[in-house]
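One structure below.
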Ligand SMILES: N[C@@H](CCC(=O)N[C@@H](CS)C(=O)NCC(=O)O)C(=O)O
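Residue numbers (the working numbering): 679 to 905.
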């Protein structure tokens, strides 16, 4: 699915990415869905490349640099990268949703990125938050799992009966939550969510975006991700 091209021949968008970062995973999934070609630059969060920090000093992954003539634009939020990808190409009409579905999707993604992400971090690293036991943070996170389970009782996916943007925006975070204690997750009262997680984890799209690449250095031959 990918090939190595020489950089001087390429004007592909560049994605600075960290393989295991859930924000970068959802950006790469949206790019894969949209069949967008790009140059992948795998980053070490402990030693971020100057080229990335020059265009995005806040220093989070993912960051996308898109060339337009002599100029370029920078997208430094994963959701912006996802929407940009769908604007380029939307083969299964993911953007074609009712107003109500758009509202639900936005609410779910907001809750994921705020409350759920915060409880997830506390649950994952309880030693950093010793004020409460780990179960306390898990229970906090479960409020969102319950919402997702209810959505999945109505449809096969979060918004409708097919995978959509909200699914891939939220899936990498639920996956992280599940693997904090996979035995607990697998025996938890969220059977639809367990199926949904398994579906995404075994999807060709996920497999594709989780390929391993060496950390990027300027002297490295460019890695082009192409449809
Ligand atoms: N709101 C950002 C959040 C991105 C983010 O926080 N990424 C983490 C990695 S998963 C990061 O780069 N953290 C900075 C660091 O660890 O130095 C987005 O949606 O892209």
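Beta carbons: idealized from backbone N, C-alpha and C, even for Gly.
As assigned by DSSP and simplified to three states, the class of residue i
| i | result |
| --- | --- |
| residue 815 | helix |
| residue 701 | helix |
| residue 871 | helix |
| residue 716 | strand |
| residue 852 | helix |
| residue 753 | strand |
| residue 901 | strand |
| residue 722 | strand |
| residue 775 | coil |
| residue 794 | helix |
| residue 687 | Low confidence applies to residue 687: its pLDDT is 42, below 50, so where it sits in the model is not reliable, and the reading given next is rough at best. Helix at residue 687. |
| residue 800 | helix |
| residue 784 | helix |
| residue 836 | coil |
| residue 768 | coil |
| residue 885 | helix |
| residue 809 | coil |
| residue 864 | helix |
Assumed close pair residue i, residue j - CB separation to whole angstroms, cut-off 8 Å
| i | j | result |
| --- | --- | --- |
| residue 829 | residue 823 | Rounded, the Cβ-Cβ distance is 11 Å, inconsistent with contact. |
| residue 844 | residue 760 | Between residue 760 and residue 844 the Cβ distance is about 10 Å, and since that is not below 8 Å, they are no contact. |
| residue 708 | residue 753 | Not a contact, Cβ separation roughly 11 Å. |
| residue 819 | residue 797 | 4 Å |
| residue 704 | residue 695 | So it is not a contact: roughly 11 Å between Cβ atoms. |
| residue 887 | residue 710 | 5 Å |
| residue 826 | residue 775 | Their Cβ separation, rounded to whole angstroms, is 18 Å, which puts residue 826 and residue 775 out of contact at 8 Å. |
| residue 894 | residue 727 | 6 Å |
For residue i: DSSP bridge partner residues
| i | result |
| --- | --- |
| residue 692 | 717, 743 |
Residue i: CB within 8 Å of a non-hydrogen atom of ligand 3
| i | result |
| --- | --- |
| residue 778 | For the structure depicted, ligand 3 is absent and the ligand set comprises only ligand 1. |
Check whether the segment 765-777 and the segment 731-750 are in contact - that is, three or more C-beta pairs closer than 8 Å. no
Lining residues of ligand 1 - beta-carbon closer than 5 Å to any non-hydrogen atom, in sequence order: 699, 701, 723, 738, 739, 755, 756
Any 3 or more C-beta pairs closer than 8 Å across the segment 872-879 and the segment 852-860: yes
Just checking, does the segment 778-788 make contact with the segment 807-819 on the three C-beta pairs under 8 Å criterion? no
So, does the segment 689-699 touch the segment 710-730, judging by three or more C-beta pairs under 8 Å? yes
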